[in-house]
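If you read the protein sequences in the order shown, they are chains A and B.
Residue numbers for the first sequence, in the working numbering: 1 to 235.
Residue numbers for the second sequence, in the working numbering: 1 to 536.
Note that beta-carbon positions come from the ideal geometry of N, C-alpha and C, so glycine has one too.
Here the structure is laid out as structure tokens; the discussion comes afterwards.
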Amino acid sequence: MAARTFTINDQLISAREGETILQAAREHGISIPTLCHLDGVSSVGACRLCLVEIEGSRVLRPACVTPVVEEMIVRTDTERLREYRRMIIELLFAERNHVCAVCVANGHCELQDLAIAVGMDHVRFDYAFPRCDVDISHPLFGIDHNRCVLCTRCVRVCDEVEGVHTWDVAGRGADARVITDMRQPWGEARSCTSCGKCVLACPTGAIFRRGATVGEMERDRHKIAYIVAAREQRW
Amino acid sequence: MDISELLAIAEHENALRRPIGIRCCTALGCQSAGALSLKQRLEEAVAEVDRTDIEVIGVGCMGLCGHGPLVQVDPHGVLYEHVRAADAPSIVAALDGGEATAPQGDPQHPFFTLQKRIVLENSGMIDPERIESYIAAGGYQALYHVLHDMTPAEVIDVVTRSGLRGRGGAGYPTGLKWATVAKSHGDRKYVVCNADEGDPGAFMDRSIIESDPHKVLEGMAIAAYAVGADQGYVYVRAEYPLAIQRLQRAIAQARRLGLLGAQIFDAGFTFRVDIRVGAGAFVCGEETALMASIEGRRGQPRPRPPYPAESGLWGRPTLINNVETFANIPPIIRNGAEWFAAIGAETSKGTKVFALTGKIRHTGLIEVPMGVTLRQIVEDMGGGVPEGRVKAVQTGGPSGGCIPAALLDTPVDYESLQRVGSIMGSGGMVVMDDATNMVDVAHFYMEFCKDESCGKCIPCRAGTAQMLHMLDLIRSGQATAADLAQLEQLCLMVKETSLCGLGQSAPNPVLSTMKYFREEYEALVRGERSEVRGQR
Chain A
1 MAARTFTIND QLISAREGET ILQAAREHGI SIPTLCHLDG VSSVGACRLC LVEIEGSRVL
61 RPACVTPVVE EMIVRTDTER LREYRRMIIE LLFAERNHVC AVCVANGHCE LQDLAIAVGM
121 DHVRFDYAFP RCDVDISHPL FGIDHNRCVL CTRCVRVCDE VEGVHTWDVA GRGADARVIT
181 DMRQPWGEAR SCTSCGKCVL ACPTGAIFRR GATVGEMERD RHKIAYIVAA REQRW
Chain B
1 MDISELLAIA EHENALRRPI GIRCCTALGC QSAGALSLKQ RLEEAVAEVD RTDIEVIGVG
61 CMGLCGHGPL VQVDPHGVLY EHVRAADAPS IVAALDGGEA TAPQGDPQHP FFTLQKRIVL
121 ENSGMIDPER IESYIAAGGY QALYHVLHDM TPAEVIDVVT RSGLRGRGGA GYPTGLKWAT
181 VAKSHGDRKY VVCNADEGDP GAFMDRSIIE SDPHKVLEGM AIAAYAVGAD QGYVYVRAEY
241 PLAIQRLQRA IAQARRLGLL GAQIFDAGFT FRVDIRVGAG AFVCGEETAL MASIEGRRGQ
301 PRPRPPYPAE SGLWGRPTLI NNVETFANIP PIIRNGAEWF AAIGAETSKG TKVFALTGKI
361 RHTGLIEVPM GVTLRQIVED MGGGVPEGRV KAVQTGGPSG GCIPAALLDT PVDYESLQRV
421 GSIMGSGGMV VMDDATNMVD VAHFYMEFCK DESCGKCIPC RAGTAQMLHM LDLIRSGQAT
481 AADLAQLEQL CLMVKETSLC GLGQSAPNPV LSTMKYFREE YEALVRGERS EVRGQR
């Protein structure tokens, strides 16, 4: 496999052919914030947090789906990108009802971590305070749409790793919701195998194990990448 | 089918023509104003006077939709407007020197004389429901010529040299796109016609399909030959039932005559076309979302690259062009690249079809050479606004911008419109008079974008909702100057970070009205409504 050499933030970096900017950056300890990206499942470039500047490119590119090109010059941490990332996180907080103090994922939440990382000390936008449902019809798990960021990691892990496709998205724009089967209560979704991979995949406390209380829910997300690696024999 | 059979059909069709033809528009606009019963009454009236030298023909759009139903009588060229079914006998009687009760229009009005009809050459002239009518107008001869006398590379060369650019809005060079698809490797290739026209106030593609569906099919077949595809899809929105019906009929007729299907013109070329009906999502006009929808998945865009030319439908190379782009192809093949390149402006060749709507005297469909000014379109052709003054012209729908009256001398071409903060877009042109508040206009388009955002990427999903909320605050006088600055900042962020064209262009109506009509925003922030005639 051929190698590629390119530059991130003035640092010369080598990458394997076909690797994305995100993969190469992480291998070299350069952090690029992500939310919809999850090791082990396909990338969709939806959260726009990993947007980077590429010299010669008119537009910002998502690092998670942009392959490395020889001699490419990438910037991941400019003033503009920092401001946009903070705005994206603020928009997420304003969009649904994220209350860390009463959340099972408090302290183990990717959204919370991102808010800290981008320096969000307050939200400059008005909160929408939408009415969102909580579905605890499943005997083991529950979903609280107040905390959903629509990253679709549950949809992809269910489809691509478990091979079931219980989860999908219904509705449009701000009305979009992740759903189980044909928008039935999760407990009535007969395709669900109760494998729990969606719980592992969820970045926030939206999908949770029932019985967990505030701040209790820790997850080992590496399990998903591990399962995929084991299946594809990439030890 | 060979060329002699094709010419025989044309000859037979022309022999059927009667000396006097009464053309009655049966496109959707006139239909909704009663054109079908009018056409029936005209036929009855002709039968009553027992004249075999007169025929009534149902035709496609004649252009002046706001004055419909329209009837035109050949060879005299008399145009009747606002025709009611009750007027039918008098129109027939007028051929014998009587007086028609329907008002007469002026076919020499600039609305008609300033037009240059290439895409719409058959529109309002032929019967869109009969393939023979299209063949009599020279139809499918370009396809024959291409299949028998040209290599695919030669076809692409002609299209490239013609200077044709995509009519869907972005203006990507058509020849370059074709060449890319032709060079991409795949066990199969596809041609897709994007007829998911969704901009508010735009009806160009609908009219083209309703008036001349075979022209689009012929253009697609030529494209398929050029890029090496054997399957085509027309993706048309469900809100266009008449267009779908006429397209279905056209495909069935072309199949029956062997002009679509296997072994077209015995040239070893196979091309099938199927219709896919969209379920009403604006975002499905975006090419990657459109392809997802054709494949039966949720209509959501994905990041590009890879572009459809490389990896499109089911991962295969796919050519996607707009209806109007395909409709330009047969005339370009027929008349040559040089002919087409001689029409229009320096970087924008040919003509553009616009749906002229809003506060304007003559609402309708026009086709003008690129490079005419907005002023010629609005004031000369459209006859200006009925009351008050022109305030702004909105082009490009929710992705476009508002051009103030002071800039009406801007020529209509891709680059000039972009320079003034708008876009060519697919051809919607909404004229606004001085009774219009521009913040209301921005709000209208933002509401549209918020409703149509698919929800996949955060900037578009949450950003449009937030921008709409801020516009609400401004309109209700609850916003401060700081909110204006924040709105502007949010607009830039959504523009630069959204995944697809919908989000990237959603802030344009706000940005362009803020640029040219900032005082209206500031007046609302101060708690007053600006000097708008007839303010609420």
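Straight-line CA distance for D237 (chain A) to E452 (chain B)? The question about residue 237 (chain A) has no answer, for chain A in this structure spans 1 to 235.
Among B:Q141, B:C65, B:S123, which residue has its Cα nearest to the Cα of R334 (chain B)? As a position in the second sequence, residue 334 (chain B) is number 334, starting the count at 1. Selected option, being the one with the closest Cα: B:Q141.
So the candidates are A:D168, A:T78, A:T34; which of them puts its Cα closest to the Cα of I179 (chain A)? By one-based count along the first sequence, residue 179 (chain A) stands at place 179. Comparing Cα-Cα distances from I179 (chain A) to each of A:D168, A:T78, A:T34, the minimum goes to A:D168.
Alpha carbon to alpha carbon, how far is Y225 (chain B) from Q40 (chain B)? If you number the second sequence from 1, residue 225 (chain B) lands on position 225. If you number the second sequence from 1, residue 40 (chain B) lands on position 40. Spanning the two alpha carbons is a distance of roughly 41 Å.
DSSP beta-bridge partners of Q394 (chain B): Here residue 394 (chain B) is taken as the residue at index 394 of the second sequence, counted from 1. B:C402, B:V430, per the DSSP bridge assignment.
With L164 (chain B) and I332 (chain B) assumed to form a contact (beta carbons below 8 Å), what rounded beta-carbon distance in angstroms separates them? The residue labelled residue 164 (chain B) in the question sits at position 164 within the second sequence. The residue labelled residue 332 (chain B) in the question sits at position 332 within the second sequence. Contact holds; Cβ gap of about 7 Å.
Verify the CB distance criterion: does A10 (chain B) have a CB-CB separation below 8 Å to chain A? The residue you call residue 10 (chain B) lines up with position 10 of the second sequence. Taking 8 Å as the threshold, the shortest C-beta distance from A10 (chain B) to chain A does not fall below it.
Here's the rule I'm using: 16 or more other beta-carbon atoms within 10 Å means buried, otherwise exposed. How should R536 (chain B) be labelled? Position 536 of the second sequence, counting from 1, holds the residue named residue 536 (chain B). For R536 (chain B), the predicted structure reports a pLDDT of 42, less than 50, and the residue's modelled location is therefore unreliable. A value from the coordinates is still provided. It counts as exposed.
Which residues mark the beginning and the end of the alpha helix (DSSP H) in which W178 (chain B) is found? By 1-based counting over the second sequence, the position of residue 178 (chain B) is 178. Run containing W178 (chain B): 174-183, per the alpha helix (DSSP H) assignment.
Do we get a CB-CB distance below 8 Å when we pair G463 (chain B) with the residues of chain C? Given the protein chain composition of this structure (A and B), no chain C is represented.
List, from N- to C-terminal side, the alpha helix (DSSP H) runs of 4 residues or more that fit wholly inside the region 47-128 of chain B. 88-93, 110-113
Please identify the residue among B:M1, B:L70, B:R51, B:F111 whose C-alpha is closest to the C-alpha of R361 (chain B). In the second sequence, the residue the question calls residue 361 (chain B) occupies position 361. With distances taken between Cα atoms, R361 (chain B) lies closest to B:F111.
Closer than 6 Å by C-beta to A93 (chain B): which residues in its own chain qualify, once you throw out the five before and the five after it? Chain order, please. If you number the second sequence from 1, residue 93 (chain B) lands on position 93. Closer than 6 Å at the Cβ level, and outside the excluded window around A93 (chain B), lies no residue.
Partner residues on chain B for F125 (chain A), Cβ-Cβ distance less than 9 Å: Here residue 125 (chain A) corresponds to residue number 125 of the first sequence, with the count starting at 1. Within 9 Å Cβ-Cβ: A462, Q466, H469, M470, Q486, L490.
Would R419 (chain B) count as contacting chain A if we go by Cβ distances under 8 Å? Within the second sequence, residue 419 (chain B) is the residue found at index 419, counting from 1. Output row for R419 (chain B): interface = no.
So E324 (chain B) and D199 (chain B) are in contact, right, with Cβ under 8 Å, and what is the actual spacing, rounded? As a position in the second sequence, residue 324 (chain B) is number 324, starting the count at 1. As a position in the second sequence, residue 199 (chain B) is number 199, starting the count at 1. The beta-carbon distance between E324 (chain B) and D199 (chain B), rounded to whole angstroms, is 13 Å. This is too long to meet the 8 Å contact definition.
Establish whether the CB of P507 (chain B) and some CB of chain A are separated by less than 8 Å. The residue given as residue 507 (chain B) occupies position 507 in the second sequence. So no, P507 (chain B) is outside the interface.
State the DSSP-derived secondary structure class of T464 (chain B), mapped to helix, strand or coil. What you label residue 464 (chain B) is simply residue 464 of the second sequence in a count that begins at 1. Helix.
Helix, strand or coil at R219 (chain A) according to DSSP, with G and I counted as helix: Counting from one through the first sequence, the residue named residue 219 (chain A) turns up at place 219. DSSP places R219 (chain A) outside both helix and strand once states are collapsed to three, so it counts as coil.
Identify every residue that forms a DSSP beta bridge with K349 (chain B). The residue labelled residue 349 (chain B) in the question sits at position 349 within the second sequence. Residue pairing from DSSP places K349 (chain B) in a beta bridge opposite B:G344.
Do you know offhand how far L147 (chain B)'s Cα is from G455 (chain B)'s? Position 147 of the second sequence holds residue 147 (chain B). Position 455 of the second sequence holds residue 455 (chain B). The straight-line gap from Cα to Cα measures roughly 44 Å.
Here's the rule I'm using: 16 or more other beta-carbon atoms within 10 Å means buried, otherwise exposed. How should K183 (chain B) be labelled? Walking along the second sequence from the start, residue 183 (chain B) turns up at place 183. Under this definition K183 (chain B) is an exposed residue.
Coarse secondary structure for I208 (chain B), derived from DSSP in three states: Translated into positions along the second sequence, residue 208 (chain B) becomes position 208. DSSP places I208 (chain B) in helix when its eight states are reduced to three.
Does the contact criterion of 3 or more C-beta pairs under 8 Å hold for the region 196-206 of chain A versus the region 144-162 of chain A? yes
Counting contacts by CB-CB distance shorter than 8 Å, is G98 (chain B) in contact with chain A? For this step, residue 98 (chain B) is matched to residue 98 along the second sequence. Chain A, which has no Cβ nearer than 8 Å to the Cβ of G98 (chain B), makes this no.
Using a beta-carbon distance below 8 Å, is T497 (chain B) in contact with chain A? For the purposes of this step, residue 497 (chain B) is identified with residue 497 of the second sequence, where counting begins at 1. So yes, T497 (chain B) belongs to the interface.
Kindly indicate if chain B contains any beta-carbon less than 8 Å away from that of V169 (chain A). Looking up residue 169 (chain A) in the first sequence gives position 169. Nearest CB-CB separation between V169 (chain A) and chain B: below the 8 Å threshold.
Would a check of beta-carbon distances place S453 (chain B) closer than 8 Å to chain A? Stepping through the second sequence from its first residue, residue 453 (chain B) is reached at position 453. True, the Cβ-Cβ gap to chain A drops below 8 Å.
Out of B:A262, B:D74, B:I366, which has the shortest C-alpha to C-alpha gap to Q117 (chain B)? The sequence position of residue 117 (chain B) within the second sequence is 117, counting from 1. Gln is not the amino acid found at residue 117 (chain B); the sequence shown has Arg there. Proximity to R117 (chain B) across B:A262, B:D74, B:I366 peaks at B:I366, based on C-alpha coordinates.
What are the residues of the region 41-59 of chain A that lie near chain B, defined by any Cβ-Cβ distance shorter than 9 Å? S43, V44, G45, A46, C47, R48, L49, L51, V59
Nearest to P386 (chain B) by CA position, among B:G501, B:L64, B:D433, B:D149, is which residue? Start at 1 with the first residue of the second sequence, and residue 386 (chain B) comes out as number 386. Nearest option by C-alpha distance: B:D433.
Measure the C-alpha to C-alpha separation of I8 (chain A) and I73 (chain A) and round it to an integer number of angstroms. Residue numbering aside, residue 8 (chain A) sits at position 8 when the first sequence is read from its first letter. Residue numbering aside, residue 73 (chain A) sits at position 73 when the first sequence is read from its first letter. Answer to the nearest angstrom: the Cα atoms are 6 Å apart.
Considering Cα atoms alone, identify which of B:S90, B:A223, B:L487 is closest to A506 (chain B). As a working mapping, residue 506 (chain B) is identified with position 506 in the second sequence. Here the closest residue by C-alpha is B:L487.
Count Cβ pairs between the region 120-140 of chain A and the region 11-20 of chain A that sit closer than 8 Å; are there 3 or more? Short answer: they don't touch.
Under a three-way DSSP split, which group does V192 (chain B) fall into? Sequence index remark: in the second sequence, residue 192 (chain B) carries index 192 (1-based). In the structure shown, V192 (chain B) sits in a strand (DSSP, three-state: E or B).
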